[in-house]
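Residue numbers (our numbering): 1 to 181.
Where a beta carbon is used, it is the ideal one built from N, C-alpha and C, also for glycine.
Report on one structure; see the data block that follows.
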């Protein structure tokens, strides 16, 4: 007996029952006669045009610029003298969530135009700075053991700063380009 076969399995083609030989011959004949199905060619997805990509980018940047005002206020509230309220912590957390969602939406836009890809990458970096600033201000404001150095850094917090202005300028330049198309 051979290993790896069933005890009553035929050892060769000749030992197969006649019905099995006819069935095998029919399958082989059909395989030879019928062509193999061709794979269906699906059309490539249509890429949005440059104006559509620009509109989508400007729409997200509009929301990001609008979200900067409350984020700026939350960061500035962390830098106010005296104890920082729990409401400030809540505001920073909510603004951090909002900016994070916009950051993710901005990354997922899928622009293909090289100029817009560069603008999108710059906007992503600027929003990443806003996220970092919100987290750093919360860390400074709500430290367990404040020391003079961290307290001095906290008191210097007064908002998001120049990167927020850079994001506004980027949005304004893209919006002007959108009006021109």
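Taken through DSSP and simplified to helix, strand or coil, residue 80 comes out as coil. Exposure of residue 28 is indicated by the presence of fewer than 16 other C-beta atoms within 10 angstroms of its C-beta. In the three-state reduction of the DSSP assignment, residue 111 falls in the coil class, being assigned neither a helical nor a strand state.
The beta-carbon distance between residue 157 and residue 79, rounded to whole angstroms, is 3 angstroms. This is short enough to meet the 8 angstroms contact definition.
In the displayed model, residue 65 falls within a helix according to three-state DSSP. Annotation for residue 164: the continuous alpha helix (DSSP H) segment containing it runs 162-180. A direct Cα-Cα distance of roughly 17 angstroms separates residue 136 from residue 69. Its chain contains 126 and 129 as the residues whose beta carbon lies nearer than 6 angstroms to that of residue 163, once the 5 sequence neighbours on both sides are disregarded; these appear in chain order.
It is roughly 26 angstroms from the alpha-carbon of residue 54 to the alpha-carbon of residue 96.
For residue 111, the closest C-alpha among the options 19, 39, 47 and 25 is that of 47. Of the residues 165, 138 and 166, the one whose Cα lies closest to the Cα of residue 89 is 138. For the 9 angstroms CB-CB criterion, residue 106 and residue 61 form a contact.
Excluding its 5 nearest sequence neighbours in each direction, residue 170 has C-beta neighbours in its own chain below 8 angstroms: 61, 119, 122, 123 and 126, listed in chain order.
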